[in-house]
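Colleague: First the structure, which I've put down as structure tokens, then a few questions once you've had a look.
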DNA sequence: TTACGATCCGGACCGAGGTCCGTTTAATTT
DNA sequence: AAATTAAACGGACCTCGGTCCGGATCGTAA
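Protein chains in written order, with this note's numbering: chain A, 1 to 229; chain B, 230 to 458.
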């Protein structure tokens with residue numbers, strides 16, 4: 001059980017949680033091994049789910065994630081609009097599902113990949129690697145990450161974020177035992193927020209390299225260690 | 230000119246910027262003394278603006294900021310819907326205008342209030358006071374702050390946020406001359422984000438006192454100083 | 001006071017997210 | 001194979017944010 005501190009209280013008793021939304025990511029997040037998608041999904045439902053994701057991917061590739069409308073996805077997939085919502089809950093759920101693949105790859109790299117991202121390296125080094133990797137990933141998928149951002153109330157309860165927070169808190173508890181790892185993990189993750197990255201790079205024109213340096217510096221300060229070479 | 234580092238590049242050439250939205254806050258942010266509201270506004274326009282703000286305030290007080298609809302505000306103020314949008318640009322503009330009063334009070338306290346919030350105290354002490362004050366204010370107006378949060382693209386370009394960022398960067402440049410004050414200010418301000426506060430207090434049940442302690446600890450780490458007593 | 005132009009008003013209109021519910025279809029049981 | 005049931009389907013429908021433009025109103029100048 002990772003990060004039992006107070007995040008467990010963050011899981012409200014049976015959160016509505018749209019049908020499957022991101023799917024299995026939250027299983028991974030709970031520590032169980034990866035399952036395939038939806039436990040049991042009727043044949044037609046599974047087929048439509050795939051068609052919807054494929055259609056959405058095409059539309060995003062063509063017009064960008066910001067311009068994606070639910071009706072357009074339904075039409076492109078030759079499916080009723082209701083089906084889209086039943087499957088993915090809402091727009092952000094669909095976008096999140098689109099991000100699910102890279103999400104899971106990243107989670108796997110953290111849990112069982114090679115160091116320093118995966119286990120085996122000292123925690124501060126893993127923290128550094130974590131930020132750099134997440135930075136790269138977010139920059140790659142910026143439009144999707146931005147469009148997929150949930151409303152303010154749900155933002156912090158989304159499964160992928162909870163996983164990253166838990167991972168950070170785990171590393172922080174090791175790296176800085178005298179700190180409030182729960183709160184510090186929020187601070188660190190906030191630096192890697194997609195909207196912030198977008199603002200600093202696209203709107204302010206900062207080169208990604210500077211963000212990377214800033215992350216290393218932040219980790220050094222928070223853990224009260226020497227700046228990385 | 231405060232925080233000329235790279236934020237100036239964050240102001241795109243003539244950002245659309247709804248009619249008046251927050252109003253004079255951005256003047257303050259540019260360092261000029263406070264003006265009253267809109268430079269010149271036709272009598273009927275000014276009257277309707279006041280009626281709209283009053284109506285919106287009533288509705289928010291009664292049903293909460295999340296339930297506020299633009300049509301309801303228009304109806305309550307006995308005004309056409311178009312008038313609301315012309316005056317405030319969009320929903321978040323109206324909510325921001327509702328927050329403008331406390332915004333300006335806070336800005337004034339920072340610029341010319343008594344220490345340690347205002348000038349006269351050492352920068353680290355002012356940083357501590359800044360967070361504690363902002364924390365208190367945000368907790369007081371949580372529903373409004375949450376409902377007023379702009380979309381991901383605009384979030385970081387909103388005038389009030391730019392002001393707070395600039396102020397933080399100013400203090401940081403003094404308190405930690407060897408750091409990237411621009412980036413660090415984003416990190417610090419992220420800790421005070423309304424959505425995060427809401428998540429930690431309302432959803433995770435953390436007492437505000439713990440957030441306060443967390444802020445003092447964060448300031449200490451970022452500035453590499455000793456934790457405050 | 002009247003005339004005129006700029007500004008503002010209002011509400012019809014549109015698009016998109018999200019809901020509802022009668023109908024269809026896949027899995028299971030007999 | 002037929003019956004049964006739970007789940008999925010689809011698209012009409014609703015709400016609400018946001019736009020548009022013909023008409024009303026204000027400020028000003030003669």
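Glycine residues also receive a C-beta, built at the ideal position from the N, C-alpha and C atoms.
Smallest Cα separation from residue 417/B: which of 446/B, 439/B, 428/B and 431/B?
Modeller: The residue labelled residue 417/B in the question sits at position 188 within the second chain. The candidate whose alpha carbon is nearest that of residue 417/B is 446/B.
Colleague: Looking at chain A, is there any beta carbon in it that lies within less than 7 Å of the beta carbon of residue 443/B?
Modeller: Counting from one through the second chain, the residue named residue 443/B turns up at place 214. It does: the Cβ of residue 443/B has a partner Cβ on chain A nearer than 7 Å.
Colleague: Have a look at residue 371/B and residue 43/A and give me their C-alpha separation to the nearest angstrom.
Modeller: As a first step, residue 371/B is located in the second chain; it is residue number 142 there, counting from the start. As a first step, residue 43/A is located in the first chain; it is residue number 43 there, counting from the start. Their Cα atoms are separated by approximately 45 Å.
Colleague: Look at the Cβ atom of residue 124/A, then the Cβ atom of residue 225/A, and state whether they are nearer than 7 Å.
Modeller: Counting from one through the first chain, the residue named residue 124/A turns up at place 124. Counting from one through the first chain, the residue named residue 225/A turns up at place 225. For residue 124/A and residue 225/A, yes; Cβs fall inside 7 Å.
Colleague: What are the boundary residues of the alpha helix (DSSP H) that includes residue 190/A?
Modeller: What you label residue 190/A is simply residue 190 of the first chain in a count that begins at 1. Where residue 190/A is concerned, the enclosing alpha helix (DSSP H) stretches over 181 to 191.
Colleague: Is the segment 376 to 383 of chain B touching the segment 195 to 215 of chain A, taking contact as three or more C-beta pairs under 8 Å?
Modeller: Because the criterion of three Cβ pairs below 8 Å is met, the segment 376 to 383 of chain B and the segment 195 to 215 of chain A touch.
Colleague: Closer than 8 Å is the cut-off here; do at least three beta carbon pairs connect the segment 300 to 314 of chain B with the segment 326 to 341 of chain B?
Modeller: The segment 300 to 314 of chain B, when compared against the segment 326 to 341 of chain B, does not touch it at the 8 Å Cβ threshold.
Colleague: Tell me which same chain residues have a C-beta within less than 7 Å of the C-beta of residue 164/A, skipping the five on either side of it?
Modeller: In the first chain, the residue the question calls residue 164/A occupies position 164. So the list reads 189, once near-sequence residues are dropped.
Colleague: Confirm, please, whether the CB-CB distance from residue 368/B to residue 436/B is below 7 Å.
Modeller: Mapped onto the second chain, residue 436/B falls at position 207. Mapped onto the second chain, residue 368/B falls at position 139. No.
Colleague: Suppose you measure from the CA of residue 167/A to the CA of residue 276/B; what does that come to, to the nearest Å?
Modeller: Counted from its first residue, the first chain places residue 167/A at position 167. Counted from its first residue, the second chain places residue 276/B at position 47. So the two alpha carbons sit approximately 54 Å from each other.
Colleague: Using a 10 Å radius around the Cβ and a threshold of 16 neighbouring Cβ atoms, would you call residue 205/A buried or exposed?
Modeller: Within the first chain, residue 205/A is the residue found at index 205, counting from 1. Burial call: exposed.
Colleague: Give the straight-line distance between the Cα atoms of residue 129/A and residue 201/A, rounded to the nearest whole angstrom.
Modeller: Walking along the first chain from the start, residue 129/A turns up at place 129. Walking along the first chain from the start, residue 201/A turns up at place 201. When rounded, the distance between both Cα atoms is 20 Å.
Colleague: What separation, rounded to the nearest whole angstrom, lies between the Cα atoms of residue 387/B and residue 45/A?
Modeller: On the second chain, residue 387/B is found 158 positions in, with the first residue counted as 1. On the first chain, residue 45/A is found 45 positions in, with the first residue counted as 1. When rounded, the distance between both Cα atoms is 43 Å.
Colleague: Is it buried or exposed for residue 341/B, if we count other Cβ within 10 angstroms and need 16 for buried?
Modeller: In the second chain, residue 341/B corresponds to position 112, counting from 1. So residue 341/B ends up on the exposed side.
Colleague: From the beta carbon of residue 292/B, is the nearest beta carbon of chain A less than 7 Å away?
Modeller: As a first step, residue 292/B must be located in the second chain, where it is residue number 63. By this cut-off, residue 292/B is not an interface position.
Colleague: Quick check on residue 389/B: buried or exposed, where buried means 16 or more other Cβ atoms within 10 Å of its Cβ?
Modeller: Within the second chain, the letter at position 160 stands for residue 389/B. By the 10 Å Cβ count, residue 389/B comes out buried.
Colleague: Among the candidates 355/B, 332/B, 297/B and 335/B, whose CA atom is the shortest distance from the CA of residue 344/B?
Modeller: Residue 344/B sits at position 115 when you count from the first residue of the second chain. If we check each option's Cα against that of residue 344/B, 355/B comes out closest.
Colleague: If the criterion is Cβ atoms closer than 7 Å, does the pair residue 76/A and residue 55/A meet it?
Modeller: As a position in the first chain, residue 76/A is number 76, starting the count at 1. As a position in the first chain, residue 55/A is number 55, starting the count at 1. Contact flag set, yes.
Colleague: State the DSSP-derived secondary structure class of residue 350/B, mapped to helix, strand or coil.
Modeller: Locating residue 350/B in the second chain gives position 121, where the first residue counts as 1. Strand, per DSSP.
Colleague: Using the beta-carbon count (16 or more within 10 Å), is residue 415/B buried or exposed?
Modeller: Position 186 of the second chain, counted from the start, is the residue given in the question as residue 415/B. Burial call: buried.
Colleague: What residue from 169/A, 228/A, 147/A and 180/A has the CA that sits closest to residue 64/A's CA?
Modeller: Within the first chain, numbered from 1, the residue matching residue 64/A stands at position 64. Closest option to residue 64/A, Cα to Cα, is 147/A.
Colleague: Does DSSP put residue 436/B in a helix, in a strand, or in coil?
Modeller: Here residue 436/B refers to the residue found at position 207 when the second chain is read from its first residue. Note: residue 436/B maps to coil in three-state DSSP.
Colleague: Hey, residue 135/A and residue 211/A are a contact pair by Cβ (cut 8 Å); roughly how many whole angstroms apart?
Modeller: As a position in the first chain, residue 135/A is number 135, starting the count at 1. As a position in the first chain, residue 211/A is number 211, starting the count at 1. Yes, they are in contact, since the Cβ atoms of residue 135/A and residue 211/A sit about 6 Å apart, within 8 Å.
Colleague: Output, in sequence order along the chain, the residues in the segment 101 to 133 of chain A whose CB is closer than 7 Å to any CB in chain B.
Modeller: Listed by position, the residues of the segment 101 to 133 of chain A near chain B (Cβ gap below 7 Å) amount to none.
Colleague: Write down every uninterrupted run of the alpha helix (DSSP H) in the segment 62 to 144 of chain A whose length is 4 residues or greater and which is fully enclosed by it, in chain order.
Modeller: Entirely contained in the segment 62 to 144 of chain A, the alpha helix (DSSP H) runs reaching 4 residues are, in chain order, 70 to 76, 81 to 88, 91 to 112 and 123 to 140.
Colleague: Determine, using beta carbons only, whether residue 232/A comes closer than 7 Å to chain B.
Modeller: Since the first and last residues shown for chain A are 1 and 229, residue 232/A lies out of range.
Colleague: In chain order, what residues of the same chain have a beta carbon less than 8 Å from the beta carbon of residue 456/B, not counting five sequence neighbours either side?
Modeller: For this step, residue 456/B is matched to residue 227 along the second chain. Cβ within range, chain order: 445, 446 and 449.
Colleague: Tell me where the alpha helix (DSSP H) around residue 270/B begins and ends.
Modeller: Position 41 of the second chain, counted from the first residue, corresponds to residue 270/B. Run containing residue 270/B: none; DSSP gives neither H nor E here.
Colleague: Using beta carbons (cut-off 7 Å, strictly below), is residue 451/B in contact with chain A?
Modeller: Taking the second chain and counting its residues from 1, one reaches residue 451/B at position 222. True, the Cβ-Cβ gap to chain A drops below 7 Å.
Colleague: Could you give the distance in angstroms between the alpha-carbon of residue 413/B and the alpha-carbon of residue 405/B?
Modeller: Walking along the second chain from the start, residue 413/B turns up at place 184. Walking along the second chain from the start, residue 405/B turns up at place 176. The alpha-carbon atoms of residue 413/B and residue 405/B are separated by roughly 10 Å.
Colleague: Below 8 Å on C-beta distance, what does residue 155/A contact in chain B?
Modeller: Taking the first residue of the first chain as position 1, residue 155/A is located at position 155. Those are 424 and 428, listed as they occur along chain B.
Colleague: Roughly how many angstroms separate the alpha carbons of residue 347/B and residue 420/B, rounded to a whole number?
Modeller: Position 118 of the second chain, counting from 1, holds the residue named residue 347/B. Position 191 of the second chain, counting from 1, holds the residue named residue 420/B. Residue 347/B and residue 420/B: Cα-Cα distance of roughly 21 Å.
Colleague: Is the CB of residue 183/A under 7 Å away from at least one CB in chain B?
Modeller: As a first step, residue 183/A is located in the first chain; it is residue number 183 there, counting from the start. Answer yes: the Cβ-Cβ gap between residue 183/A and chain B drops below 7 Å somewhere.
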